[in-house]
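Before any comments, here is the structure.
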Amino acid sequence: MASATTLFLQNGIRSGWIDSGHCGRFGGNLRLFHRSIEESQKKQNWTIACRQDLNADTFISTFPSPLRDGTAPLVNALKTTAEQDVARFHFPGHNRGQAAPSSLTQLIGIQPFLHDLPELPELDDLFSPKGAILDAQKRASNLFGSSETWFLVGGTTCGIHAAIMSTCSPGDTLILPRNSHISAMSGMVLSGVIPNYILPEYNSQWDIAGGITPSQIKEAIEDLKSEGRSVSAVLVTSPTYEGICSDLSNIVKLCHSYGIPVIVDEAHGAHFRFHHQMPCTALEQGADIVVQSTHKVLCSLTQSSMLHMSGDIVDREKICRCLQMLQSTSPSYLLLASLDAARAQLGEDPDTIFNKSMELAGEGRNQIKTIPGITVLNMLNFSNFPAMDPLRLTVGVWQLGISGYEADEVLCDEHGVICEVAGRQSLTFAITLGTHKQHIQRLLLGLEHLSSMSLLKNGLDERRVEDGVYAPFDDITMSLSPREAFFARKRKVSTGKCLGEICGELICSYPPGIPVLIPGEIITERALSYLLDVRKIGAVISGAADPELSTIVVCK
Ligand SMILES: Cc1ncc(COP(=O)(O)O)c(C=O)c1O
Numbered sequence: 001m002a003s004a005t006t007l008f009l010q011n012g013i014r015s016g017w018i019d020s021g022h023c024g025r026f027g028g029n030l031r032l033f034h035r036s037i038e039e040s041q042k043k044q045n046w047t048i049a050c051r052q053d054l055n056a057d058t059f060i061s062t063f064p065s066p067l068r069d070g071t072a073p074l075v076n077a078l079k080t081t082a083e084q085d086v087a088r089f090h091f092p093g094h095n096r097g098q099a100a101p102s103s104l105t106q107l108i109g110i111q112p113f114l115h116d117l118p119e120l121p122e123l124d125d126l127f128s129p130k131g132a133i134l135d136a137q138k139r140a141s142n143l144f145g146s147s148e149t150w151f152l153v154g155g156t157t158c159g160i161h162a163a164i165m166s167t168c169s170p171g172d173t174l175i176l177p178r179n180s181h182i183s184a185m186s187g188m189v190l191s192g193v194i195p196n197y198i199l200p201e202y203n204s205q206w207d208i209a210g211g212i213t214p215s216q217i218k219e220a221i222e223d224l225k226s227e228g229r230s231v232s233a234v235l236v237t238s239p240t241y242e243g244i245c246s247d248l249s250n251i252v253k254l255c256h257s258y259g260i261p262v263i264v265d266e267a268h269g270a271h272f273r274f275h276h277q278m279p280c281t282a283l284e285q286g287a288d289i290v291v292q293s294t295h296k297v298l299c300s301l302t303q304s305s306m307l308h309m310s311g312d313i314v315d316r317e318k319i320c321r322c323l324q325m326l327q328s329t330s331p332s333y334l335l336l337a338s339l340d341a342a343r344a345q346l347g348e349d350p351d352t353i354f355n356k357s358m359e360l361a362g363e364g365r366n367q368i369k370t371i372p373g374i375t376v377l378n379m380l381n382f383s384n385f386p387a388m389d390p391l392r393l394t395v396g397v398w399q400l401g402i403s404g405y406e407a408d409e410v411l412c413d414e415h416g417v418i419c420e421v422a423g424r425q426s427l428t429f430a431i432t433l434g435t436h437k438q439h440i441q442r443l444l445l446g447l448e449h450l451s452s453m454s455l456l457k458n459g460l461d462e463r464r465v466e467d468g469v470y471a472p473f474d475d476i477t478m479s480l481s482p483r484e485a486f487f488a489r490k491r492k493v494s495t496g497k498c499l500g501e502i503c504g505e506l507i508c509s510y511p512p513g514i515p516v517l518i519p520g521e522i523i524t525e526r527a528l529s530y531l532l533d534v535r536k537i538g539a540v541i542s543g544a545a546d547p548e549l550s551t552i553v554v555c556k
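Put into structure tokens, the structure is as follows:
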């Protein structure tokens, strides 16, 4: 057993990667700007120094450090089973690769087929685990600090569905950010819950949405209370795609004071537990259900995720039932074993495994900042939020007079540099355990070339995003719940005739990825002209059957 370590949390920040902190006990709002390791060290000292004065649990949280454990029971079970000398008469039909399609074996070899086995007794049962899967999930639970962990083969999408369905029944109310991932929207269709949206903060210069704040949630709970409605759950996305973290510790405290469970979509933050300068994890901050895409920054196979539970507000049996209902009865053991392997990889060296990635990200960030016309997203751009993922590099290119899409094209075509996501004003790069110095150097070369080329062509012709046009709005009238709208009969109408109709599709502009219309909402003039405006300027319209928006699907 690894020894328990006490870490000091200030609004969910372990140390370091913070630019502003709210020092509640002292009644002030201490703005602390930390750019260098040296400064972050000072910050750590400040946090520790504070501790002597504190007795309030508002500031201090105790949780065990990740357990060192490199054993992978499910990987071992798969190996042993694959090595058996037996005549197999069960599925899958390729029979351990004997009849594997050659086009694929030429690409990936025979080994994946050899280990692509079904739920045999010695390989345990995902929905009633007693052997290797149970062992692997328990080890994951120890490492990530949950009371129970479930392996998912349907990505975080499936975990978000299960989280919503296990906490909300038809007609209940769920508070969630308007820019929640599409999986939250489909989770609402499945559960029949009624959404109450919170608009995330929006930075128009970056054209990026941030997180949501405890005060926004309090206001929503109180407003609903005054209407005689209670809230079944609050869902928060933290971190966002760009790495912005919400103040989960205060959100959880607030929600728990009302007896409301908190679900955190931590799809992009599964790595937070593994470096002292990362933001605190949702579990460390008391969240009840946390869903992580282990396949994003961590190293499991695509589509594999984990759902973690903590505390006793949510019903574990209900989570089990939902997961059984939502997942395949033939879960892929390659995916499951990859979760076990990714956990064991972290468990071998949980405290230092991310040191190199953190160094690379820090060096890269510092060098990118010196490139003329290029800006790096930092906490000053979202000062209402307590922390940001140090492994997400979001780079603004508007001073070069080009869009993120144009920058992406140059980087990709001329330098072979592929970003995680491109926006109108910026590009986001994800640094992972698989990122090497050469990758960062290639990125720097690409950005330097982009800078000199664009400045030569455009001078200092800044690309501006005007506030009014891009700020998301909040005059939403919901006529049908997402579930009612999903099942309602639909028809297509020409855009000129759709005002006042009930929208039948989820229409979103990327960026900033905040849905403008969600099925069941009345189509307003403001929503429509916003969509038409942003489409004209080149935003990608997603979710609409007709992306050109000459017609819109409405409920009959
Ligand atoms: C914020 C967020 N939540 C949930 C998901 C869904 O995750 P998955 O792809 O693992 O199903 C994504 C996917 O990109 C995401 O960005």
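Here the sequence shown stands for residues 1 to 556, where the numbers follow UniProt numbering. The beta-carbon is built from N, C-alpha and C at its ideal position, and this holds for glycine as well. As the structure is a computational prediction, the values presented were derived from the model and not from experiment.
Whether residue i touches residue j by CB criterion (8 Å)
i, j, result
"Ile-523", "Leu-444", "no"
"Ser-246", "Ser-300", "no"
"Met-453", "Gly-520", "no"
"Val-262", "Thr-173", "no"
"His-181", "Ile-198", "no"
"Asp-389", "Pro-73", "no"
"Arg-178", "Asp-69", "no"
"Ile-217", "Val-234", "yes"
"Asn-381", "Asn-203", "yes"
"Val-291", "Leu-391", "no"
"Gly-446", "Leu-411", "yes"
"Asn-250", "Ala-220", "no"
"His-295", "Gln-303", "yes"
Limits of the beta strand (DSSP E) - the one that residue i falls within
i, result
"Leu-190", "Here Leu-190 belongs to no beta strand (DSSP E); instead the alpha helix (DSSP H) covers 182 to 191."
"Gly-396", "392 to 396"
"Tyr-197", "194 to 198"
"Tyr-510", "507 to 510"
"Gln-292", "289 to 292"
"Ala-233", "233 to 237"
"Ile-157", "Strictly speaking, residue 157 in this sequence is Thr, with Ile absent from that position. Run containing Thr-157: none in the beta strand (DSSP E); it sits in the alpha helix (DSSP H), 155 to 167."
"Phe-151", "148 to 152"
"Lys-138", "Here Lys-138 belongs to no beta strand (DSSP E); instead the alpha helix (DSSP H) covers 132 to 144."
Distance cut-off 7 Å: residue i Cβ against heavy atoms of ligand 1
i, result
"Ser-226", "no"
"Ile-160", "yes"
"Tyr-241", "yes"
"Ser-246", "no"
"Thr-157", "yes"
"Asp-389", "no"
"Ser-293", "yes"
"Thr-237", "yes"
"Asp-533", "no"
"Ser-305", "yes"
"Ser-183", "yes"
"Asp-475", "no"
"Asp-265", "yes"
Closest Cα partner of residue i within the set the options
i, options, result
"Val-553", "Gly-364, Ala-341 and Gly-500", "Gly-500"
"Leu-532", "Glu-548, His-275 and Ile-518", "Glu-548"
"Gln-111", "Arg-139, Lys-79 and Leu-120", "Lys-79"
"Met-325", "Val-534, Ala-545, Leu-152 and Ile-541", "Leu-152"
"Phe-487", "Tyr-530, Gly-513 and Lys-556", "Lys-556"
"Glu-359", "Met-165, Leu-450 and Ile-431", "Ile-431"
"Gly-513", "Asp-135, Pro-200, Cys-158 and Asn-355", "Pro-200"
"Ala-287", "Ser-146, Leu-336 and Ile-371", "Ser-146"
"Gly-543", "Glu-525, Tyr-510 and Arg-526", "Tyr-510"
"Val-417", "Leu-126, Gly-423, Arg-424 and Ala-407", "Ala-407"
"Ser-403", "Glu-148, Val-236, Gly-423 and Leu-117", "Gly-423"
"Pro-386", "Ile-353, Thr-213 and Gly-496", "Thr-213"
"Thr-156", "Ala-184, Leu-143 and Arg-491", "Ala-184"
"Val-314", "Pro-170, Ile-502, Ile-507 and Ile-260", "Ile-260"
"Leu-336", "Lys-536, Gln-98 and Gly-154", "Gly-154"
"Leu-120", "Ala-485, Thr-81 and Pro-170", "Thr-81"
"Asp-207", "Ser-494, Leu-427, Glu-448 and Lys-457", "Leu-427"
Residue i: CB within 7 Å of a non-hydrogen atom of ligand 3
i, result
"His-268", "In the structure shown, ligand 3 is absent; the only ligands present are ligand 1."
Residue range of the alpha helix (DSSP H) that includes residue i
i, result
"Lys-369", "355 to 369"
"Ala-82", "73 to 83"
"Cys-320", "316 to 326"
"Asp-408", "404 to 415"
"Lys-253", "248 to 257"
Residue-chain proximity (residue i, chain D), Cβ-Cβ < 8 Å
i, result
"Ala-72", "Among the chains of the structure shown, chain D does not appear; only one protein chain is present."
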